[in-house]
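Everything on this sheet refers to the single structure shown next.
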Amino acid sequence: MRDVPTRALSILQPWAHAIVHLGKRIENRDWRTGCSYRGEILIHASKGIGSIDAFDSAVETIRATVAEDSWLDFLGECIDQGDDDRWRPSDFLPRGGIVGRARIVGVIDNQRCSEQWRARIGAPAFADEIRDLTPDEAAWWTGGFALVLADVEPVPFVACQGALGLWTVTPDVRAAIARGA
Numbered sequence: 009m010r011d012v013p014t015r016a017l018s019i020l021q022p023w024a025h026a027i028v029h030l031g032k033r034i035e036n037r038d039w040r041t042g043c044s045y046r047g048e049i050l051i052h053a054s055k056g057i058g059s060i061d062a063f064d065s066a067v068e069t070i071r072a073t074v075a076e077d078s079w080l081d082f083l084g085e086c087i088d089q090g091d092d093d094r095w096r097p098s099d100f101l102p103r104g105g106i107v108g109r110a111r112i113v114g115v116i117d118n119q120r121c122s123e124q125w126r127a128r129i130g131a132p133a134f135a136d137e138i139r140d141l142t143p144d145e146a147a148w149w150t151g152g153f154a155l156v157l158a159d160v161e162p163v164p165f166v167a168c169q170g171a172l173g174l175w176t177v178t179p180d181v182r183a184a185i186a187r188g189a
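Heads up: the sequence shown begins at 9 in the numbering used here, then just goes up one per residue.
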């Protein structure tokens, strides 16, 4: 068995589910700090979902992006439609814990990070890693900046508290993941 990563990234649902199960391979961010990190991470599904409007909008984006059979699986397992016709998480959509693992392999920044920004945060130039979108990525991209993910796979759910940005996973959570809890 591979080592359990020490870093994690908290992602709101339903986006964490889209990454782990529906082929979303970029994670849109409004922060650039830490974008020089490359390597394995755990995917943490945040306990909160943001607003119902944001969740509903995310579900509609997923609906427009994935194949119909994937959508139907997602609909049957993870979301419910409220009396107001807005989507809500079902009781079966995991939240508040680790749901997967992946590798951060690059970044996308169509605004081309400026030399001043790189100098300000001490980021490397990584000229070969800042690139344009592939057609598959374009469907998921919301503009600005995104982390590129590879080797994404689910792991058995392990409840834990998350944090903003990349954060360090506690030894007890890593041990639970290693046990396949």
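Glycine included, each C-beta is placed from N, C-alpha and C at the ideal position. Remember, it's a predicted structure, so these values are computed and weren't measured experimentally.
Here the alpha carbon of ASP99 sits roughly 36 Å from the alpha carbon of SER44. Taken atom to atom, the span from the alpha-carbon of GLY90 to that of LEU83 is near 13 Å. Sorting PHE153, HIS52, ARG71 by C-alpha distance to the C-alpha of ALA171 places HIS52 at the top. Here THR142 carries a coil assignment [DSSP, helix/strand/coil].
Look at VAL113 here: in three-state DSSP terms it is strand. Counted as a single uninterrupted DSSP element, the beta strand (DSSP E) harbouring THR176 occupies residues 174-176. Counted as a single uninterrupted DSSP element, the stretch harbouring PRO179 is not any beta strand (DSSP E) but the alpha helix (DSSP H) occupying residues 179-187. Counting other Cβ atoms within 10 Å of its Cβ, ALA75 stays below 16 and is therefore classed as exposed.
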